[in-house]
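Engineer: Sharing a structure below in structure tokens format, with a few things to ask.
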Amino acid sequence: MRIFDPHIHMTSRTTDDYERMYAAGVRVVVEPSFWLGQPRTSVGSFVDYFDALLGWEPYRAAQFGIRHHAAIALNPKEAEDPRCRGVLEVLPRYLVKNRVVAVGEVGYDSMTPGEDEAFAHQLQLAVEHHLPVLVHTPHRDKAAGTRRTLDVVRESGIDPAMVLVDHLNETTVRMVADSGCWMGFSIYPDTKMDEERMVTLLKEYGTDRMLVNSAADWGRSDPLKTRRTGEAMRAAGFEADPVDQVLWRNPVAFYGQSGRLDLPPDTLDAEPGRDDPAQAAPPATPVPALAAADGTYLGNSVLRGARKE
216 MRIFDPHIHM TSRTTDDYER MYAAGVRVVV EPSFWLGQPR TSVGSFVDYF DALLGWEPYR
276 AAQFGIRHHA AIALNPKEAE DPRCRGVLEV LPRYLVKNRV VAVGEVGYDS MTPGEDEAFA
336 HQLQLAVEHH LPVLVHTPHR DKAAGTRRTL DVVRESGIDP AMVLVDHLNE TTVRMVADSG
396 CWMGFSIYPD TKMDEERMVT LLKEYGTDRM LVNSAADWGR SDPLKTRRTG EAMRAAGFEA
456 DPVDQVLWRN PVAFYGQSGR LDLPPDTLDA EPGRDDPAQA APPATPVPAL AAADGTYLGN
516 SVLRGARKE
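Numbered by the numbering used here, the letters in the sequence shown go through residues 216 to 524 in order.
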């Protein structure tokens, strides 16, 4: 099972997670810019964060055989904070970088005027830079927030095929399906969606333009929820091909519109039925050996001390 997690916050995770993800079939991830859990107080803190998403984190992922990409934006949670507004001015210099495959996360948290302005501005940046957009829908008043989101998307003039509306559920999927945008679902242990509910929606709406992600971050979340969703699909009677479409081909198609995806060669001609979870447990795929001692990023490695002899 080849897996592309289209929304995961690996900066918040450990190298153990990278190792488990590789063993489960994850080969590519996209990490969108998001809130740290407490307010940032300056534009400079965003600059350092963006630099890490495009430098240290791809290096760290590569030590475990995973290709890392980023979506860059001023996130909705901090769009209302005047200390952060200057981020909008520095975004253009990041949106031209090779590992940036989308603008995101953008959208709404509390649906404030500041969020309106930042959302519309960043949609225009996406149009100007010919990049897809990853949109965060609010956790409160989700249906109203999703309707407002789609109104802003229409007003921007961006092609709906360049927009992925995320964190959907049963109350919002129909309106996004009808809009022509891509549909994203975050699979969580306690909140948002779970595997069984996701399978029910896939049976009703099909697999076109549907993406599932773990959105794993510093909260209670699980970076293997993509794999578990694939297993739930197979257990519910889905063939290997639609599982591959949801877990691999759809995120490749969406983010591939950036022209910047870096895909591992061994995934390009993989058979959808290979490593069929209906026939076997998750594979004990060996993780590639860590980089040699001199394989560092700016002089640093993921090793904390010397290797055992």
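In this text, a Cβ means the ideal position worked out from N, Cα and C, and glycines have one as well.
Report yes if the C-beta distance between I287 and F261 is below 7 Å; otherwise report no.
Structural biologist: On the sequence shown, residue 287 is found 72 positions in, with the first residue counted as 1. On the sequence shown, residue 261 is found 46 positions in, with the first residue counted as 1. Result no, Cβ atoms of I287 and F261 do not sit closer than 7 Å.
Engineer: Would you call the region 434-442 and the region 474-485 touching, i.e. three or more CB-CB distances under 8 Å?
Structural biologist: Contact fails: fewer than three Cβ-Cβ distances are below 8 Å.
Engineer: Does DSSP put V241 in a helix, in a strand, or in coil?
Structural biologist: Taking the first residue of the sequence shown as position 1, residue 241 is located at position 26. Three-state DSSP puts V241 in a strand.
Engineer: Keeping to the same chain, check which residues put their C-beta closer than 8 Å to that of E332; ignore five residues upstream and five downstream.
Structural biologist: Here residue 332 refers to the residue found at position 117 when the sequence shown is read from its first residue. These residues qualify, in order along the chain: A294.
Engineer: Rounded to the nearest angstrom, what separates A430 and Y309 at their Cα positions?
Structural biologist: Stepping through the sequence shown from its first residue, residue 430 is reached at position 215. Stepping through the sequence shown from its first residue, residue 309 is reached at position 94. Approximately 22 Å between the Cα atoms of the pair.
Engineer: So, do the region 415-426 and the region 234-247 have three or more beta carbon pairs nearer to each other than 8 Å?
Structural biologist: Counting Cβ pairs under 8 Å, fewer than three are found: no touch.
Engineer: Here's the rule: buried if 16 or more other CB atoms are within 10 angstroms of the residue's CB, otherwise exposed. What is R298?
Structural biologist: Along the sequence shown, read from residue 1 onward, the residue named residue 298 stands at position 83. Classification for R298: exposed.
Engineer: Measuring CB to CB, does W397 end up less than 7 Å from F279?
Structural biologist: Against the sequence shown, residue 397 aligns to sequence position 182. Against the sequence shown, residue 279 aligns to sequence position 64. In this structure, F279 does not lie closer than 7 Å to W397 by Cβ.
Engineer: Taking the C-alpha atoms as reference points, what is the distance between R424 and P328?
Structural biologist: As a position in the sequence shown, residue 424 is number 209, starting the count at 1. As a position in the sequence shown, residue 328 is number 113, starting the count at 1. Rounded to the nearest angstrom, the two C-alpha atoms are 30 Å apart.
Engineer: Suppose contacts are defined by Cβ-Cβ distances below 7 Å. Is P404 in contact with M377 by that definition?
Structural biologist: For this step, residue 404 is matched to residue 189 along the sequence shown. For this step, residue 377 is matched to residue 162 along the sequence shown. Not in contact: P404 and M377 (Cβ atoms no closer than 7 Å).
Engineer: I need the DSSP call for P273, collapsed to helix, strand or coil.
Structural biologist: Translated into the one-based positions of the sequence shown, residue 273 becomes position 58. P273 falls in the helix class under three-state DSSP.
Engineer: Output needed for G322: all residues of its chain with C-beta closer than 7 Å, excluding positions within five of it in sequence on either side, in chain order.
Structural biologist: The sequence position of residue 322 within the sequence shown is 107, counting from 1. If we look at G322 and ignore the five residues flanking it on each side, its Cβ neighbours are P291, F334, V350, H351, T352 and T364.
Engineer: Under 8 Å Cβ to Cβ from V367, same chain only, skipping five residues before and after it: list those, please.
Structural biologist: As a working note, residue 367 is residue 152 in the sequence shown. Correct list, in chain order: D331, F334, A335 and L338.
Engineer: When the distance is taken between beta carbons, is P247 closer than 7 Å to L426?
Structural biologist: Within the sequence shown, numbered from 1, the residue matching residue 426 stands at position 211. Within the sequence shown, numbered from 1, the residue matching residue 247 stands at position 32. No, they are not a contact pair.
Engineer: Please list the terminal residues of the continuous alpha helix (DSSP H) segment that includes M425.
Structural biologist: For the purposes of this step, residue 425 is taken as residue 210 along the sequence shown, with counting starting at 1. Note, M425: premise wrong, no alpha helix (DSSP H); beta strand (DSSP E) at M425 to N428.
Engineer: So the beta strand (DSSP E) L349 belongs to, where does it begin and stop?
Structural biologist: Within the sequence shown, the letter at position 134 stands for residue 349. Per DSSP, L349 belongs to the beta strand (DSSP E) from V348 to H351.
Engineer: How long is the line joining the alpha carbons of D296 and R255, rounded to whole angstroms?
Structural biologist: Position 81 of the sequence shown, counted from the first residue, corresponds to residue 296. Position 40 of the sequence shown, counted from the first residue, corresponds to residue 255. Approximately 9 Å, taken between the alpha carbons.
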